[in-house]
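Enquirer: So the sequence lines, in the order shown, correspond to chains A and B. For the first sequence, the numbering used here puts the final residue at 133, and the numbers step up evenly by one. For the second sequence, the numbering used here puts the final residue at 716, and the numbers step up evenly by one. One structure follows; several queries about it will come next.
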Amino acid sequence: MSVDTATVAKIAALARIKVSEAELGAMVPELNGILAWVEQLAEVDVSGVEPMTAVIENHLRLRADVIDPDPLTGGGKRDAVLANAPAALDGFYGVPKVIE
Amino acid sequence: MMADLTDLGVAAIRDGVAQGTFSALEVAEAFNANVAAAGALNAFIVTTPELAIAAAKSTDARRIKGEALGLMGGVPIGMKDLFATKGVQTTAASHMLEGFIPEYESAVSQKLWDAGAGMLGKLNLDQFAMGSSNETSYFGNVISPWRRKDGGNAAMAPGGSSGGSSTAVSARLAPAATGTDTGGSIRQPAAFTGISGIKPTYGRCSRWGIVAFASSLDQAGPMARDVGDCAIMLEAMAGFDPKDATSLDMAVPRWEAGLNADLRGKKVGVPIEYRMDGMDPDVAASWDQGIAWLKDAGAEIVEISLPHTKYALPAYYIIAPAEASSNLARYDGVRYGLRELPDGAGLQDMYAATRAAGFGPEVKRRILIGTYVLSAGFYDAYYTQAQKVRTLISRDFAEAFTKCDVILAPTAPTAAFGLGEKSDDPLAMYLNDVFAVPASLAGLPAMSVPAGLNREGLPLGLQIIGRPFDEQGVLNAGLAIEARAGFVARPERWW
């Protein structure tokens, strides 16, 4: 399968990355080169093979059913959470207006 | 006058400080001076000499009080700038995170500080750990301290993505450094610069606080001058962390105490599929030499087959970009990092403009590939197929480990190349990790140790891959090679 300019533009839109026409032109052959190369996976017989979901067998744990079991990941950290926000305002994240 | 303290490794520093041969402060000052004089290598994004000094003073004070100094007591280290460090800029070598000052400390770096280590600075890397030559960093290329023996002064790649780490350790700017390995990012740079590095079993080191690239593959590990130092530092880094859902709830073995280069009774597998057509003759010769060394250490050599080897790299270049496209969705210009807000832009325009400005070309390439292979209509053909192939690759290893205890292979298909020699061709760059990626896909512990120099005078590494949880077996085989390789070559100082 190969991609054309319109497909790459659509992928870029899905990935929320603005790309110029010139960048699109450069990306199409690059992505096609990579896709043509990964295409060889299709020749592997995978009948009856389950896709891998965990590389090392492990059991998902339940955390203790208490509030803030770990102070590093618990709540009550508004200021720390907002400390690196590019436009924090009044204890909230600031974003451009989304409702007219 | 004692020998230069910066020639000492982790064990020698720790023991010397504990015995009072020298102070931790003297060690920190010596390495700080080397760091300050090595700007030309561009190994660090930020330096933190004051933190190295503070940690050293604390170690020296504890010693006076007779307190335990910890596994890494008095050892200053470099921290790959992929680990969140509280109060110190953490960028993943990206414009996106330029100026990001974490409010928390990564689990692994915290463990190292708790073990008595101090921080010399944050090390440069490939942007978001995506690269094999450290040429994708927003903060410029890292330059290897090594040069070809041809009398020229071409700048060589330090490997990637942990290129700042490999350069810092090989140039004596740090006795050891942290690395992370998603598809070879500890082992390949270690091989390129003549140092040792181990990627432990997936889950040994907590991923909490490491900027995520591909979560099912990412694993932290130490990079140091020798195998023993790697064992010590891995002990300090590893351990269960409930904050990481894939962390292994297992006791950390005492790898340093368990080191033993006697391989009698052990079987070393040599995978036939790794001996590829057109293999670099120096790499092939060093592999043969490694086989002879392990035989000399008492091991029995057995031929093994890993039939799906050729599919590992293409599977990786579906799985890793797929996970990256999902992980990097968090960079939205809202919560942290860069924001680009063109005049009159709405929220969606802001996302797209921010991500266009904040990500470099290789990161965009991988996000787009990942978005494509996960998109409706293509998911099964690409992503599910790749995950099935991953199962087969893992089975290949499981089958091989019924016949051998560890596997020996080259770390990389060539020695270091010059900066710029491969950066125009993504596929040529990806092929660097052809021997490293299979162990990553299977979550196995694997390390690179220096084996010698090629005809150009550049280091070559040998890779040892072990069973899940058998870091000890990997380290022991590495030690057997190290003892016989007698690798003492080091880059001549030109910077």
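For glycine and all other residues, C-beta sits at the position ideal for the given N, C-alpha and C.
1. Would you tell me roughly how many angstroms separate the C-alpha atoms of B:K464 and B:T306, rounded to the nearest one?
2. Drop a sphere of 10 angstroms on the beta-carbon of B:P563, count the other beta-carbons inside from all chains shown, and report buried for 16 or more, exposed for fewer.
3. Select from the region 504 to 535 of chain B all residues with a C-beta closer than 9 Å to any C-beta belonging to chain A, and list them in chain order.
4. Does chain A have any CB closer than 7 Å to the CB of B:M222?
5. Three or more C-beta pairs under 8 Å: does that hold for the region 437 to 454 of chain B against the region 104 to 123 of chain A?
6. Output, in chain order, the set of chain A residues within a Cβ distance shorter than 8 Å of B:L613.
7. Which runs of the beta strand (DSSP E), 3 residues or longer, sit entirely within the region 602 to 652 of chain B?
8. What is the DSSP secondary structure of B:A701, reduced to helix, strand or coil?
9. Going by Cα to Cα distance, which pick from B:G418, B:G415, B:D470 is closest to B:R425?
10. Please name the residues in the region 656 to 674 of chain B whose beta-carbon is closer than 8 Å to at least one beta-carbon of chain A, in chain order.
11. Distance, Cα to Cα, B:G260 vs B:M300?
12. When you compare each of B:L346, B:P631, B:C625, B:P396 to B:A245 by their alpha carbons, which one comes out closest?
13. May I ask you to report which of helix, strand or coil DSSP gives B:Y532?
14. Can you confirm whether the region 416 to 433 of chain B touches the region 444 to 459 of chain B when touching is taken to mean that 3 or more C-beta pairs between the two stretches lie within less than 8 Å?
15. Whole angstroms are fine: how far does the CA of B:D626 sit from the CA of B:K487?
16. Which same chain residues, not among the five before or five after B:L272, have their C-beta less than 7 Å away from its C-beta?
17. Could you give the distance in angstroms between the alpha-carbon of B:A232 and the alpha-carbon of B:R393?
18. How far does the alpha helix (DSSP H) with B:L438 in it extend, from its first residue to its last?
19. Where are the alpha helix (DSSP H) runs, 4 residues long or more, that stay fully inside the region 55 to 128 of chain A, in chain order?
20. Our contact map puts B:F580 next to B:I590 with C-beta atoms below 8 Å; I'd like the distance itself, whole angstroms only.
21. Hey, is the region 77 to 86 of chain A in contact with the region 607 to 614 of chain B, meaning 3+ C-beta pairs nearer than 8 Å?
22. Check the Cβ-Cβ distances between A:T38 and every residue of chain B, and say whether any is below 7 Å.
23. Please decide whether A:A194 counts as near chain B, where near means a Cβ-Cβ distance under 7 Å.
24. Which residues, in order along the region 433 to 464 of chain B, keep a beta-carbon less than 9 Å from a beta-carbon of chain A?
25. Between the Cα of B:V709 and the Cα atoms of B:L681, B:G687, B:L696, B:W715, which residue gives the shortest distance?
26. Do the region 502 to 521 of chain B and the region 471 to 487 of chain B touch if we need at least three Cβ pairs shorter than 8 Å?
27. Kindly list, in the order they appear in chain B, the residues whose Cβ is closer than 9 Å to that of A:I132.
28. Closer than 8 Å, Cβ to Cβ, to anything on chain D: give me those residues from the region 631 to 648 of chain B, in chain order.
29. In terms of residue numbering, what span does the alpha helix (DSSP H) encompassing B:I285 cover?
30. What residues in its chain sit with their C-beta under 6 Å from that of B:G699, if we drop five residues either side in the sequence?
31. Smallest Cα separation from B:P366: which of B:Y325, B:E326, B:G639?
32. Would you mind sorting A:E54 into buried or exposed? The rule is 16 or more other CB atoms within 10 Å of its CB.
33. Contact check, B:L683 vs B:T632 under 8 Å by CB: the rounded distance?
34. Verify the CB distance criterion: does B:L696 have a CB-CB separation below 7 Å to chain A?
35. Select from the region 415 to 427 of chain B all residues with a C-beta closer than 8 Å to any C-beta belonging to chain A, and list them in chain order.
36. Return the CA-CA distance between B:G372 and B:A378, expressed in angstroms with no decimal places.
Expert: Working from what's here:
1. Their backbone Cα atoms lie some 16 Å apart in a straight line.
2. Using a 10 angstroms sphere on the CB of B:P563, the tally of other CB atoms stays under 16, which defines it as exposed.
3. Listed in sequence order: H529, K531, Y532, L534, P535.
4. With a pLDDT of 44 at B:M222, under the threshold of 50, the modelled position of that residue is not reliable, and the figure given next carries that caveat. Cβ-Cβ to chain A under 7 Å: no for B:M222.
5. Contact between the region 437 to 454 of chain B and the region 104 to 123 of chain A is absent, because fewer than three Cβ pairs lie under 8 Å.
6. Taking a Cβ-Cβ cut-off of 8 Å, the neighbours of B:L613 in chain A comprise V77, V79, V82, given in sequence order.
7. For the region 602 to 652 of chain B, whole beta strand (DSSP E) runs of length 3 or above, ordered along the chain, are 627 to 631.
8. B:A701 falls in the helix class under three-state DSSP.
9. Ranking B:G418, B:G415, B:D470 by Cα distance to B:R425 puts B:D470 first.
10. Look at the region 656 to 674 of chain B: the residues with a C-beta under 8 Å from a C-beta of chain A are L662, A663, G664.
11. Inter-residue distance for B:G260 and B:M300 is about 16 Å (C-alpha atoms, whole angstroms).
12. Selected option, being the one with the closest Cα: B:P396.
13. For B:Y532, the three-state secondary structure derived from DSSP is helix.
14. The region 444 to 459 of chain B vs the region 416 to 433 of chain B: in contact.
15. The C-alpha of B:K487 lies about 6 Å from the C-alpha of B:D626.
16. Result list for B:L272: G339, M340, in chain order.
17. Taking the CA atoms as reference points, B:A232 sits about 15 Å from B:R393.
18. First-last for B:L438: undefined, no H or E at that position.
19. For the region 55 to 128 of chain A, whole alpha helix (DSSP H) runs of length 4 or above, ordered along the chain, are 111 to 115.
20. Their Cβ separation, rounded to whole angstroms, is 13 Å, which puts B:F580 and B:I590 out of contact at 8 Å.
21. Output reads yes: the region 607 to 614 of chain B touches the region 77 to 86 of chain A.
22. No, A:T38 does not count as interfacial toward chain B.
23. Since the first residue of chain A shown is 34 and the last is 133, residue 194 of chain A is not available in this structure.
24. Against chain A - using a Cβ distance shorter than 9 Å - the residues of the region 433 to 464 of chain B are S437, L438, P463, K464.
25. The option with the nearest alpha carbon to B:V709 is B:L681.
26. Touching, yes, given that three or more Cβ pairs across the two stretches are closer than 8 Å.
27. Per Cβ cutoff of 9 Å: no residues; A:I132 is ~10 Å from chain B at best.
28. This model lacks chain D altogether; the protein chains it does include are A and B.
29. For B:I285, the enclosing alpha helix (DSSP H) covers residues 270 to 285.
30. Cβ neighbours of B:G699 beyond the five flanking positions: V448, M668, V670, I685.
31. Nearest option by C-alpha distance: B:G639.
32. Burial is judged here by how many other beta carbons sit within 10 angstroms of a residue's own beta carbon; A:E54 has fewer than 16 and is exposed.
33. Their Cβ separation, rounded to whole angstroms, is 6 Å, which keeps B:L683 and B:T632 in contact under 8 Å.
34. Closer than 7 Å to the CB of B:L696 there is not a single CB belonging to chain A.
35. Residues of the region 415 to 427 of chain B that bring their beta carbon within less than 8 Å of a beta carbon in chain A comprise T422, Y423, G424, in sequence order.
36. Near 17 Å, if we compare the C-alpha coordinates of B:A378 and B:G372.
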